[in-house]
Amino acid sequence: MRFISLVIFLPTIAAAQLSNRYAVVTADTATGVVNIRFASGQTVDNATAYVVDLRAGRVSTTDCRRHACRVTDGYALTVTHTGNAAGLTLIQHITLQGEGLLLDLEVKGAAETRHISPLAAVIHTPGTARRLLDVPFDNDDWVHILEQRPPANPAAFPVCGMSYEYTTIYDSATLAGLVLGSVTHDFWKTGIAYRMGQADTLDVFGGVSTPDDPSKPLDEGRDGTHDHAPHGTMPGPILRSPKIYIAAGKDVRPITKTYGEVNAKINGRLAWNGPAPVYWNSFGVEGVLGYGHVMMPDGVKQVSDVIKTLDRFNRAAVLSIDSYDQGVYSTETLKGLKDYAAKNRQRIGFYFAPFAQWYWKDRIASAPLAQAILKDSAGNPIAYKDGDWAAFALDPTHPAVRDYLVGQLEKAKTIGATFIKIDFLSAGTQESPTHANPAIRTGIQAFNYGMRLLRHLSDSILGPDIFYTEAISPLFPSQYTHARFISTDIYSHLRDDQTGFPNWGSTEYSLALGSHMTWTQGTLWPYTNLDVTIMEHFQKNPTLTETEVKVRLLALVAMGSILGDGSDLRSPLALERARQYLNNPKVCAYFAHPRAFTPLQWADGPGFDQQLVFTLGTGAKGRAGAPTLLALFNFSRKSPLEYTLPAGK
């Protein structure tokens, strides 16, 4: 009997694929590289993921010898990479999420890292006018969103930088492009290191920590995380990167809103029932701590009396006493102001900084919360705002901070506050070698701890119907307040280069930045906050023209902001303008339920000559024949604004 041995050679599967009508994802099982092709033409090429282990160093998916793929239920792709010198298993998770994708990296094996990347890739975006948004970590120091563009000589002089948490790469002529950003904000600060050349390379990673550099311009030296220590580490047998969302299409504007909704779905979002509050804020008149003595409590009462005469504005008005001297505005004084305001049918607002201790730097050891101040890598107290009178970063996990929060909220309860502005929140995100709670290892983890605690205490002490707006704060996490400042404090002059005014805080600056952030209203927060209008002048700045007053108010309209005013309404000119603009029946009706307009023409480039166009289709909710609203802003000194509305807009 003859035996014939038969060997059958089966074809090797060289790639695994995941697809829908928006995107095709291909994983190469020979190299471990992932490629993504979007139906609108954008591509993500040669995508890898990696971890920087404290002992083994950088381990990438392409450092592994074996790559196994599994597609689950047609919507999830898992790529497992093994066989590397460190003995780690790297697992990429890629999931179809509507028109986009969710990506993250899981690392198995004994490891510890402060730097982990779910995506490092080359991005190709078709178009003749490519832009990349460089987004700051927070809204402090009047930093801008930069619309970066490819260099004239990309081979020799690439444009490099760091965006934080979110970016979009798009063609400014068509607005086709790609949106990418983090959607988990519980442990990592996410950096997006970019390099613009012939194509764009992105390295998206958890673990970014950048100190301020005052020697550089604001947008280069203070647009980062303001940290004084390296990012904290994640140890353990299983490490996880931040999860990121990526999508592309012929119009990135609706994709940015989807990105916001995905964040809200994963992290939560506060709701606000009923009309939005309107408020008067003392900071534009009085300044920090009231050192100018131009207002003081009796002046607040006088303003309250004036607001009472603005019958429509007064229907939802809150008196917000901002950044006050504790010695002047005691609990008893604030309670007296609340009672006075109540007679005028107004409510009272409250202000505090949950995670910052303002104190004299040379006497910091005797500060009330000295034991809760975070330390830098050298063991020194972290001055989040440096100077003789400095703001020191507090540990949100420290028991003394909990006691401080309780005290502030009890004070807010005593005075009957229904509107609370919280400030200098970025101080609570600072990295430190240690926190009081040993389970907390990173600044964002501590910040979440503190904000959850604040919300829990607030609900317990004040009840649930308290409106929270945050001023200086990181973009993410976003789920703890009802509104957030889009930019730093605004003084209402037209441009930053305007003679006689500070070279920051202009309406142009806030609206140019805001034009790229309209998607946050209604997704991350019920409302945005573009800071207050000014009817005459901000503190000691020159008097504003009537045009500047109107432009400022219309900027709030376009951004879907809540309405606040910071004017000294005891002045006849300020009062005359307030009657015309703040008490206008149509203005008051709009700000009861503000809605962000859609940008048709974004800010572009670093100059102040921005020409911005927004639209709001008021018939969107079925009101047949309702008009489309247009908002056009021409900050240019060089040319008139000419814009042709595209068909169907």
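Reading the sequence shown from the start, the letters are residues 3 to 651 in the numbering used here. Built from N, CA and C at the ideal position, the CB exists for glycine as well.
Item                                                                                                                            : Value
Backbone CA spacing between residue 457 and residue 477 [nearest angstrom]                                                      : 18 Å
Delimiting residues of the beta strand (DSSP E) encompassing residue 200                                                        : Note, residue 200: premise wrong, no beta strand (DSSP E); not H, not E.
C-beta atoms of residue 374 and residue 407 nearer than 7 Å                                                                     : no
Beta carbon of residue 278 nearer than 7 Å to that of residue 592                                                               : no
Three-state class that DSSP yields for residue 315 in the structure shown                                                       : helix
Assumed close pair residue 144, residue 507 - CB separation to whole angstroms, cut-off 8 Å                                     : 6 Å
Burial state of residue 351, where buried means 16 or more other Cβ atoms lie within 10 Å                                       : buried
Assigned secondary structure, residue 476 (DSSP; H/G/I helix, E/B strand, else coil)                                            : strand
Close Cβ partners of residue 34 (< 8 Å) along its chain, the five nearest in sequence each way excluded                         : 50, 63, 64, 66, 69, 81, 83
Cut-off 8 Å between Cβ atoms - residues of its own chain near residue 571, not counting five sequence neighbours on either side : 282, 305, 308, 309, 537, 577, 580
Presumed contact (8 Å Cβ cut-off) between residue 430 and residue 357, rounded CB distance                                      : 3 Å
Anticipated Cβ contact below 8 Å, residue 207 with residue 166, distance rounded                                                : The pair is not a contact, with the Cβ atoms about 11 Å apart (cut-off 8 Å).
Straight-line Cα distance separating residue 325 from residue 244                                                               : 35 Å
Check whether residue 658 and residue 417 have beta carbons under 7 Å apart                                                     : Lying outside 3 to 651, the shown extent of the chain, residue 658 is not represented and no answer is given.
Neighbour-count burial assignment, residue 443, 16 or more Cβ in a 10 Å radius                                                  : buried
Beta-bridge pairing of residue 20 - partner residues as DSSP gives them                                                         : 27
Separation of residue 544 from residue 498, as counted between CA atoms                                                         : 14 Å
Identified DSSP bridge partners for residue 394                                                                                 : 359, 385
Start-to-end residues for the alpha helix (DSSP H) that takes in residue 590                                                    : 587-594
Which residues DSSP lists as bridging residue 654, in chain order                                                               : Residue 654 falls outside the range modelled here, since the chain spans only 3 to 651, and no answer is possible.
Whole beta strand (DSSP E) elements within the stretch 75-142, 3-residue minimum                                                : 78-84, 91-99, 102-126, 132-136
contact_flag[the stretch 35-55, the stretch 122-134] where n(CB pairs < 8 Å) is 3 or more                                       : yes
Nearest neighbour of residue 414, chosen from 611, 338, 381 [CA to CA]                                                          : 338
Element boundaries [alpha helix (DSSP H), containing residue 332]                                                               : Counting along the chain, residue 332 falls outside any alpha helix (DSSP H), and DSSP gives it neither H nor E.
Cβ-based neighbour list, residue 294, same chain, cut-off 7 Å, excluding 5 preceding and 5 following                            : 288
Under the three-state DSSP convention, the category residue 243 falls into                                                      : coil
Distance between beta carbons of residue 25 and residue 36, contact taken as under 8 Å                                          : The pair is not a contact, with the Cβ atoms about 12 Å apart (cut-off 8 Å).
Stretch pair the stretch 379-387 + the stretch 228-244: three plus CB contacts closer than 8 Å                                  : yes
Own chain partners of residue 411 with C-beta closer than 7 Å, once the 5 adjacent residues on each side are dropped            : 459, 460, 463, 464
Residues of its chain near residue 200, where Cβ-Cβ distance is below 6 Å and the 5 sequence neighbours each way are ignored    : 156
Proximity below 7 Å, CB of residue 448 to CB of residue 399                                                                     : yes
Endpoints, alpha helix (DSSP H) assigned at residue 401                                                                         : 401-416
Same chain only: Cβ atoms within 7 Å of residue 89, ignoring 5 sequence neighbours per side                                     : 111
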